[in-house]
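Enquirer:
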Amino acid sequence: MGWKSLDDMELNGKRVLLRVDINVPVENGKVTDATRIERIAPTVADILAKGGQPILIAHFGRPKGQVVSELSLSVCLSELETTFGQPVTLVETLEAAEAGTLPAGIVLLENIRFHAGEEANDASFAARLAALGDVFCNDAFSAAHRAHASTTSLAKLLPSCAGRLMQAELTALEAALSTPKRPVGAVVGGAKVSTKIDLLLNLVGKLDVLVIGGGMANTFLGAMGASLGSSLQEEDLHDTARDILKQAESIGCKVILPVDGRVSRAFAAGAEYEMVTLNADTKLEDGQMILDAGDAATALIVEEFKALKTLIWNGPLGAFEIEPFDKATMAAAKAAAELTKSGDMITVAGGGDTVAALNLAGAADDFTYISTAGGAFLEWMEGKELPGVAALQG
Ligand code: AMP
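Numbering follows our numbering, with no gaps: position 252 of the sequence shown is 436.
If you want it as structure tokens, here you go:
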């Protein structure tokens, strides 16, 4: 905590600089997925209801401080107007915004990364932005791991608060990791240990149970002495894996590795596989690959879930994009969704592939909270301070 929400702010007649993430996918000049726009609608509605004027600040793509016409936020205008049910006026240059009065109603400033001062977190650029508003509201948790002018400096220059989406993210993440109902566990899966070392090291110190799955579990099994044929693994990280296991043991965090796996000779949909017991003595042949956790492993994971009050999920338990190697991820996700629905467990998930996997399992709607913040979610899980959040905490 330590940050304010819209409920704490007096907004009547105020110009509210609202940092949002509307960096939406676009194809042929059309927004193909408006999720990010839909998620900021409650904040815009609440600012308007409180008598404030929302002045949206957002980035789009990577123009790197130059005006790149293909990266104009004009592409989002009609989607914004449809979602908000109101006209939105694009103000194309900062000079136009500074010259006299801003248009009435909802205003969208052109791609803030057209200005080099944004990513450089330049003080005079931030001061120019701050002069356009009376209050700063940050609703872009997904950009909070970047120390940019519109994500950190504005919070120091104006009375500031979190928007509804930022508030929901922070509340869910604090509930999952800072003050969780115990026992608390996590599923950490995905391809590689190398991308998740910091995450694993941080979680081990905070969790009661850590389920390791996916390709990265292979690296742990390999570190224990198993020979894994052609399975994906990072042999250069065997020492790191052993360190993580040692640390978990010394702190009392129970680590669950897959006790069996679906092993195939083809990384392809519909490929034949056999169920193989996995432990330090496992010996696979060249060409054999572990592509998913097995049925016994899945049953054990689901059993562990039943004892948990909080579950954090990042990364799949197998190559979930191709059947039948989606089985463990689908079954475990469904079980976690059921436990959430019956009120027994709080479930918080995030990370790109995780959201896709939970959607495939039809489990996403039943999870307590799904973060779409990507990098910022991962950095939070790594225990890093996010500059955009720290700035709101003043
Ligand atoms: P990440 O981006 O690190 O979360 O990894 C997700 C990717 O890991 C997905 O594309 C999965 O297909 C892949 N993956 C998970 N388990 C395995 C496995 N046992 N072998 C190969 N790839 C895997």
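Where is the CB? At the ideal position from N, CA and C, for every residue including glycine.
Excluding the 5 residues flanking R366 on each side, which residues of the same chain have their C-beta closer than 8 Å to its C-beta?
Expert: Taken in chain order, the residues that qualify are D392, K493 and T494.
Enquirer: Quick check on this structure: which residue in Q250, A533, R312 and G197 has the alpha carbon closest to the alpha carbon of G499?
Expert: Looking at the Cα atoms, A533 is the closest of the given residues.
Enquirer: Can you find the residues in the same chain that come closer than 6 Å, C-beta to C-beta, to P364, ignoring five residues on each side of it along the sequence?
Expert: Result list for P364: T494, in chain order.
Enquirer: What number of angstroms, rounded off, separates the C-alpha of L349 from the C-alpha of A324?
Expert: Rounded to whole angstroms, L349 to A324 spans 8 Å at the Cα level.
Enquirer: Would you identify the three-state DSSP class for T524, choosing helix, strand or coil?
Expert: Here T524 sits in helix by DSSP.
Enquirer: I want to know whether the region 418-438 touches the region 383-390 - three or more CB-CB distances under 8 Å.
Expert: At 8 Å Cβ cutoff, the stretches touch.
Enquirer: Ligand 1 heavy atoms versus the CB of L475: any closer than 7 Å?
Expert: Yes - ligand 1 has a heavy atom lying nearer than 7 Å to the Cβ of L475.
Enquirer: In terms of alpha-carbon separation, which member of F244, A515, N207 and K198 lies closest to E222?
Expert: Minimum Cα distance to E222 is reached at N207.
Enquirer: Give a single yes or no on whether D510 has its beta carbon closer than 7 Å to a heavy atom of ligand 1.
Expert: No, Cβ of D510 sits at least 7 Å from all heavy atoms of ligand 1.
Enquirer: Residue range of the alpha helix (DSSP H) that D423 falls in?
Expert: Where D423 is concerned, the enclosing alpha helix (DSSP H) stretches over H422 to I435.
Enquirer: Under 6 Å Cβ to Cβ from L412, same chain only, skipping five residues before and after it: list those, please.
Expert: Result list for L412: N402, G406 and L468, in chain order.
Enquirer: Which residue or residues does DSSP assign as beta-bridge partners of E211?
Expert: Bridge partners of E211: K214.
Enquirer: List the whole-angstrom C-beta distance separating L503 from D476, where the pair is believed to meet the contact cut-off of C-beta under 8 Å.
Expert: In the sequence as presented, Leu is not what sits at residue 503; that position holds Ala. Contact holds; Cβ gap of about 6 Å.
Enquirer: Does D465 come out as helix, strand or coil in the three-state DSSP assignment?
Expert: Here D465 sits in coil by DSSP.
Enquirer: Does chain D have any CB closer than 8 Å to the CB of A547?
Expert: This model lacks chain D altogether, as it is built from one protein chain only.
Enquirer: Pair every Cβ in the region 277-289 with every Cβ in the region 309-328, then say whether three or more of these pairs are closer than 8 Å.
Expert: Yes: the two stretches touch, three or more of their Cβ pairs being nearer than 8 Å.
Enquirer: Taking 6 Å as the limit between beta carbons, can you name the residues of its chain near G245, skipping five residues before and five after?
Expert: Closer than 6 Å at Cβ, skipping near neighbours: L255.
Enquirer: Thinking C-alpha only, which one of A346, L421, S448 and G558 is nearest W187?
Expert: Ranking A346, L421, S448 and G558 by Cα distance to W187 puts A346 first.
Enquirer: Do D465 and ligand 1 come close, with the Cβ less than 7 Å from some heavy atom?
Expert: Not under cutoff, so the answer is no.
Enquirer: Can you check whether the CB of N295 is closer than 8 Å to the CB of L354?
Expert: No. Outside cutoff.
Enquirer: Between F561 and ligand 1, is the CB less than 7 Å from at least one heavy atom?
Expert: It does not: the Cβ of F561 is nowhere closer than 7 Å to a heavy atom of ligand 1.
Enquirer: For ligand 1, any of its heavy atoms closer than 7 Å to the Cβ of A503?
Expert: Because some heavy atom of ligand 1 lies under 7 Å away, the Cβ of A503 counts as near it: yes.
Enquirer: Looking at C-alpha atoms only, which residue of G301, A410, A331 and I496 is the closest neighbour of L462?
Expert: The shortest Cα separation from L462 among G301, A410, A331 and I496 belongs to A410.
Enquirer: Consider the C-beta atom of L462 and the heavy atoms of ligand 1; say whether any pair is separated by less than 7 Å.
Expert: No - ligand 1 has no heavy atom lying nearer than 7 Å to the Cβ of L462.
Enquirer: Exposed or buried, what is M162 when buried is set at 16 or more other beta-carbons lying within 10 Å of its beta-carbon?
Expert: The question about residue 162 has no answer here: the residues shown for the chain are numbered 185 through 578.
Enquirer: Which residues share a DSSP beta bridge with P238?
Expert: DSSP output for P238 lists V200 as bridge partner(s).
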